[in-house]
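Sequence positions in the sequence shown follow UniProt numbering and run 1 to 242.
Quick reminder that beta carbons are idealized off the backbone N, C-alpha and C, glycines included.
What follows is a set of notes on a single structure, which appears directly below.
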Amino acid sequence: MINKLKNPFDPSFGTPPQIILPNYQSDFESPTSVAQAIAYDDPNRVIFITGLRGSGKTALLTQIEQQVVKLPNTYVVEIDNNQRMVQNFGHNLKNIFKMHTLTDKIASISVMGFGLSFNKTNEDYTTQDIENFMTMLIKLNKRVVIFIDKFNHKENTREFIQLLQNLKRHNLNFYLVADGLPKMIYDIEHDQTLTFLKRARHIQTTMLNINEIEMEYQKHLNFDSVVTHQIGYCTLSSLHTK
């Protein structure tokens with residue numbers, strides 16, 4: 001039986017391959033540098049990954065998230081923009097306290113004027129509840145990084161971004177890393193009511209070409225030119241059908 005060599009350039013949608021081709025334009029050198037910027041409290045709280053379909057936005061978002069989860073005192077929150085995003089965010093913040101036993105540390109911190117709501121259902125979280133959770137996390141010196149795949153300009157998203165804008169206005173800081181098609185990112189950035197997005201940093205993904213793919217196959221797998229061209233073409237075709 002022939003032992004099949006696993007393709008290190010896995011083109012499966014959203015799956016980070018073992019070998020990364022630098023197919024993006026940004027002042028960030030790598031996913032690690034994005035995490036480092038967050039660790040150093042970069043004042044730009046929003047990072048957008050944008051590019052055409054099949055250009056690797058979701059895979060790059062995943063790579064960045066894998067680096068961010070390694071940061072100390074940092075909690076990752078994934079938000080699905082097809083659900084009620086504000087309620088989902090509130091539920092995730094509550095889970096941070098419960099899963100990381102932060103409730104044990106609350107009693108030692110004096111916060112006047114509010115309490116934390118741990119018994120509500122997803123549908124019951126208010127803006128005030130979320131502000132209270134965020135206030136307590138900051139007092140505990142914790143950081144929240146929000147990840148959103150396939151960002152859009154629907155009303156659901158606008159409501160959530162308005163919430164984030166309000167949190168920022170009250171110095172309840174967070175980071176948002178999101179990917180989306182160029183038009184979706186452009187539309188929400190130019191929404192006149194969501195002004196804080198105008199200071200977002202950008203990562204532009206680009207489509208790979210056949211020459212780049214063939215060179216990397218020859219470099220890492222030692223195939224001859226005929227085989228390299230065939231599998232390079234198959235990889236590129238697979239990416240373009242996503």
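(message) With DSSP as the reference, identify every bridge partner of residue 201, one or two as the case may be.
(response) 47
(message) Is it buried or exposed, residue 153, if we count other Cβ atoms within 10 angstroms and call 16 or more buried?
(response) buried
(request) Reducing DSSP to helix, strand and coil, say where residue 143 ends up. (result) strand
(request) Output yes or no for whether 8 Å exceeds the beta carbon distance between residue 160 and residue 185. (result) no
(message) Can you tell me whether residue 222 is buried or exposed? The criterion is at least 16 other CB atoms within 10 Å of its CB, across all chains shown.
(response) exposed
(message) My output table needs one value for residue 29: the three-state DSSP class, helix, strand or coil.
(response) coil
(message) Taking 8 Å as the threshold (C-beta atoms), are residue 188 and residue 176 in contact?
(response) no
(message) Considering only the alpha carbon of each residue, which of 203, 125, 234 and 207 lies closest to residue 61?
(response) 203
(request) Would you kindly check if the distance between the Cβ of residue 56 and the Cβ of residue 205 is under 8 Å? (result) yes
(request) State yes or no: is the C-beta of residue 35 within less than 8 Å of the C-beta of residue 76? (result) no
(message) Let me see if you follow: with CB-CB separation under 8 Å, is residue 32 close to chain D or not?
(response) In summary, chain D is missing from the structure at hand, where a single protein chain is found.
(message) Taking the beta strand (DSSP E) that residue 180 belongs to, which residues open and close that run?
(response) 175-180
(request) Would you kindly report the start and end of the unbroken alpha helix (DSSP H) that includes residue 217? (result) 210-221
(message) If distances are taken between C-alpha atoms only, which option among 139, 31 and 158 comes closest to residue 193?
(response) 158
(message) Suppose contacts are defined by Cβ-Cβ distances below 8 Å. Is residue 215 in contact with residue 52 by that definition?
(response) no
(request) Answer with buried or exposed for residue 182, where buried requires no fewer than 16 other C-beta atoms within 10 angstroms of its C-beta. (result) exposed
(request) Output yes or no for whether 8 Å exceeds the beta carbon distance between residue 58 and residue 179. (result) yes
(request) Look at the alpha carbon of residue 113 and the alpha carbon of residue 132, and state the distance between them as a whole number of angstroms. (result) Residue confidence is low: residue 113 scores 49 on pLDDT, short of 50, so the model does not pin down where it sits. Its coordinate-derived value is still stated next. Taking the straight line joining both Cα atoms gives about 10 Å.
(message) To the nearest angstrom, how far is the alpha carbon of residue 148 from that of residue 84?
(response) 13 Å
(request) Could you check the C-alpha separation between residue 80 and residue 91 for me, to the nearest Å? (result) 12 Å
(request) Check residue 135 in the structure and name its three-state DSSP category. (result) helix
(message) Distance check for residue 225 and residue 164, CA to CA, integer angstroms please.
(response) 52 Å
(request) Could you check if residue 230 is buried or exposed, using at least 16 other CB atoms within 10 Å of its CB as the buried criterion? (result) exposed
(request) State buried or exposed for residue 31, treating a residue as buried only when at least 16 other CB atoms are found within 10 Å of its CB. (result) buried
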